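Input: a single structure, listed below in structure tokens.
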Amino acid sequence: MATIKRFEDLELWVEARVLANKIFVISEQGKFQKDFRFKDQIRSASGSIMDNIAEGFERSSRLEFIQFLGIAKGSCGEVKSQLYRALDQTYINQGDFDALYEMCEKLAAGIAGFIQYLNKSPYKGQKFKDRSA
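First residue of the sequence shown? That's 45 in the numbering used here, and the numbers climb one at a time after it.
Okay, here's the thing in structure tokens:
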């Protein structure tokens, strides 16, 4: 695997950014835009995915990165649950639900796969590269 120097170059982060932007747009429509608390909640959860990927990457430690990826994956689950709430309240239609849910599923699977890869990697990260234990 090629060395990635910036979190912006991680495909997972790019996909998370697309999801966050789609959530932002859809939450500005119809009844959704008037439910300020819920709108903020789903926007925060979707933004948390990309933010935790970025923060974990910047920690310069494989184990910390894995920890933050786990948080990002959890935020995918939170967004999926909130999508059900949005559908149940008719804030979004079935087509939008299906598309956004699929994006979350793909992202969560990608994060899980990346966690597995990192768990098998002997690389400790910049923070711990000179430590023997």
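Quick reminder that beta carbons are idealized off the backbone N, C-alpha and C, glycines included.
On a predicted model such as this, the values are computed, not experimentally measured, just so you know.
Suppose contacts are defined by Cβ-Cβ distances below 7 Å. Is residue i in contact with residue j by that definition?
i      : j      : result
ARG106 : LEU63  : no
LEU113 : ILE70  : no
ARG50  : MET94  : no
CYS120 : ALA152 : yes
ILE97  : GLN126 : no
TYR128 : PHE76  : no
What's the gap between the Cα of residue i and the Cα of residue j?
i      : j      : result
VAL123 : ALA156 : 16 Å
LYS66  : ILE48  : 26 Å
GLY91  : PRO166 : 30 Å
LEU56  : TYR145 : 16 Å
MET147 : ASP140 : 11 Å
LYS150 : GLU52  : 18 Å
GLY118 : LEU131 : 20 Å
GLU108 : GLY100 : 6 Å
Residue i lies in the alpha helix (DSSP H); which residues open and close that run?
i      : result
GLY139 : 138 to 164
TYR135 : TYR135 -> no alpha helix (DSSP H), and no H or E assigned at all.
GLU55  : 55 to 70
GLN85  : 80 to 102
Closer than 7 Å, CB to CB, is residue i near chain C or not?
i     : result
ALA98 : Of the protein chains in the structure, only one exists, and it is not chain C.
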